[in-house]
Every structure is written in C-alpha cells, then in structure tokens.
Amino acid sequence: MDIIPNICLKIFYLTITILLLSCQTLTFTQINSHINDMPRCNPQLSGTSQLVQIPGYSHAWHIVPDCAYFSIESVSIVMSYFYLRWVTEFTDPDRRLLKILNDLMIQWGHEKKMMPGYTVNGDRVESSRVLGLVITPGVIWININEKNKICKTSFIHELVHLGLISQGFKGDPDHEGTRYLGWTPAHTRFINDLNTLMCGMGF
Ligand SMILES: [Zn+2]
109 MDIIPNICLK IFYLTITILL LSCQTLTFTQ INSHINDMPR CNPQLSGTSQ
159 LVQIPGYSHA WHIVPDCAYF SIESVSIVMS YFYLRWVTEF TDPDRRLLKI
209 LNDLMIQWGH EKKMMPGYTV NGDRVESSRV LGLVITPGVI WININEKNKI
259 CKTSFIHELV HLGLISQGFK GDPDHEGTRY LGWTPAHTRF INDLNTLMCG
309 MGF
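Counting from 1, position 198 in the sequence shown corresponds to residue 306 in this note's numbering; the numbering is continuous, with no gaps.
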C-alpha cells in the first residue's frame with residue numbers, strides 16, 4: 109500500500125538512519141530534539157523559494173518552491189537509505205560520497221528544461237526534457253512532478269551520478285552507454301529497486 113507517513117513516523121525513520129550514519133553516541137532523545145529544533149519551510153511564505161537545512165548532514169540544504177515539496181525529514185531519509193545501500197553495494201572508500209552528501213545543495217523546481225543528453229541506454233538525444241541535473245558535484249537540480257513523491261523524481265538517479273563522481277568517474281552522463289565510464293546495469297537496477305522501496309515507504 110502506498111501511504112504518506114505521518115510526521116512521527118518520519119522522525120522515527122530519520123532517527124534510525126542518523127544513528128546508523130553518525131556512529132556517535134547520541135541518544136534517540138538528543139536526535140529527536142535536534143530535529144524538532146531545526147528551522148522548517150514556512151508555509152506562510154508560500155510562493156517564495158525557501159532554503160532549508162537537511163537534518164543528519166552537516167551542511168546539506170535544499171531549496172523548495174513551496175512547502176509541499178518536500179519535507180526535510182523525507183529528503184534526509186531518502187538520502188540516508190541511498191547512502192547505506194550504496195555503501196553495501198558499491199562501497200565508499202574514505203567516505204568521499206558521504207562528504208559530498210554532507211555538503212550537498214538540492215534545488216527542487218517545476219521548470220521544464222530541454223537540452224541535449226543521453227537515455228539510460230546511452231543513446232544520444234539532441235533535445236529532451238530533463239528531469240534532473242548534476243550542476244556541480246555539490247549542486248543538483250531536480251524537477252518536481254505532480255505526484256509529490258521523491259521516488260517519482262530523478263533524485264536517486266542524480267545521487268548515483270554523484271556516487272560515480274566520488275569514485276573518480278566523470279559522473280558518466282551517458283549511463284549504460286560506452287562513451288563515458290562508470291555506470292553499469294547494476295546502477296540502473298539500484299535506482300529502480302531503491303525507488304520502489306521509497307515509494308512503498310511513502311517517500
Ligand atoms: Zn543521468
């Protein structure tokens with residue numbers, strides 16, 4: 109069943125993932141109080157883009173066009189699941205990917221961007237609708253769709269590009285194509301599996 113978790117469940121998920129990532133001796137109470145004290149998107153400023161910090165990461169922030177997209181807990185949880193699964197499957201020597209995530213800026217937007225690119229198979233397309241971009245290793249842009257779920261965006265896809273950058277590749281813009289190195293069918297499967305899991309959890 110596809111459900112949207114309530115705020116308590118989100119904070120529970122987030123507390124678990126922060127504990128797993130932090131390797132510190134923080135208690136549930138300390139982390140919960142830290143999360144509850146963090147500034148959030150202000151619905152009274154609707155119509156204005158807002159910059160909000162992502163909990164669980166030292167300097168990760170996101171810019172949202174309005175407060176419906178997305179809660180800081182949801183983004184943090186998806187990032188944490190991504191990282192923990194990435195480490196299990198692809199490893200993270202010297203925590204280079206974790207450093208990128210700790211300094212990440214995520215821009216969510218409704219804009220329709222058209223530009224040249226590659227399909228997942230590696231086929232070159234001269235002009236296509238872009239659903240996400242790695243602007244720099246520290247800044248990604250993600251198109252927001254009408255479904256209001258992170259799993260329906262290209263968020264995890266762009267994080268995989270960052271994972272490849274952390275391993276010394278050039279991000280591999282042609283995915284499973286052969287022009288650039290890094291991306292394999294395992295990365296495509298990783299994205300599909302993780303998006304399915306996140307959708308099932310309501311993110
Ligand atoms: Zn891509």
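Using N, Cα and C, we set each Cβ at its ideal position, and we do this for glycine too.
**OP:** Grab me the residues of Met213's own chain with a C-beta within less than 8 Å of its C-beta, minus the 5 sequence neighbours each way, in chain order.
**Re:** Position 105 of the sequence shown, counted from the start, is the residue given in the question as residue 213. Counting only Cβ-Cβ distances below 8 Å, and skipping sequence neighbours, we find Ala168, Trp169, His170, Ile171, Gly246, Val247, Ile248.
Subject >> Inter-residue Cα distance where the pair is Arg148 and Asp174 >> reply: As a first step, residue 148 is located in the sequence shown; it is residue number 40 there, counting from the start. As a first step, residue 174 is located in the sequence shown; it is residue number 66 there, counting from the start. Using only the alpha carbons, I get a separation of about 11 Å.
**OP:** Determine, using beta carbons only, whether Leu198 and Lys257 come nearer to each other than 8 Å.
**Re:** Along the sequence shown, read from residue 1 onward, the residue named residue 198 stands at position 90. Along the sequence shown, read from residue 1 onward, the residue named residue 257 stands at position 149. This sequence places Phe at residue 198; Leu is not what is there. Not closer than 8 Å, so no.
Original post:
Is DSSP giving Val292 helix, strand or coil here?
Top reply: Along the sequence shown, read from residue 1 onward, the residue named residue 292 stands at position 184. The displayed chain sequence assigns Thr, not Val, to residue 292. Of the three classes helix, strand and coil, the one that applies to Thr292 here is coil, per DSSP.
**OP:** Please report the residue range of the beta strand (DSSP E) in which Leu241 lies.
**Re:** Position 133 of the sequence shown, counted from the start, is the residue given in the question as residue 241. Start and end: 240-244.
Original post:
Which whole runs of the alpha helix (DSSP H) in the segment 250-286 are 4 residues long or more, in chain order?
Top reply: 263-274
**OP:** Classify Leu192 as buried or exposed, calling it buried when 16 or more other Cβ atoms lie within 10 Å of its own Cβ.
**Re:** To locate residue 192, count along the sequence shown from 1; it is residue 84. Per the 10 Å Cβ criterion, exposed.
Subject >> Contact test: Pro281 Cβ vs ligand 1 heavy atom, cutoff 7 Å >> reply: Against the sequence shown, residue 281 aligns to sequence position 173. It does: the Cβ of Pro281 is within 7 Å (strictly closer) of some heavy atom of ligand 1.
Subject >> Distance cut-off 7 Å: His295 Cβ against heavy atoms of ligand 1 >> reply: Along the sequence shown, one-based indexing puts residue 295 at 187. Checking every heavy atom of ligand 1 against the Cβ of His295, none is found closer than 7 Å.
Original post:
Roughly how many angstroms lie between the CA atoms of Gly164 and Ile252, to the nearest whole one?
Top reply: Position 56 of the sequence shown holds residue 164. Position 144 of the sequence shown holds residue 252. Whole-angstrom Cα-Cα distance: 23 Å.
Original post:
Skipping 5 residues on each side, what residues in its chain have a beta carbon closer than 7 Å to that of Leu289?
Top reply: One-based indexing of the sequence shown puts residue 289 at position 181. Excluding residues within five positions, the ones whose Cβ falls inside 7 Å are Phe277, Asp280.
Subject >> Continuous beta strand (DSSP E) assignments of at least 3 residues falling wholly in the segment 131-214 >> reply: 158-161, 169-172
Original post:
DSSP beta-bridge partners for Arg237?
Top reply: For the purposes of this step, residue 237 is identified with residue 129 of the sequence shown, where counting begins at 1. Partner(s): Met222.
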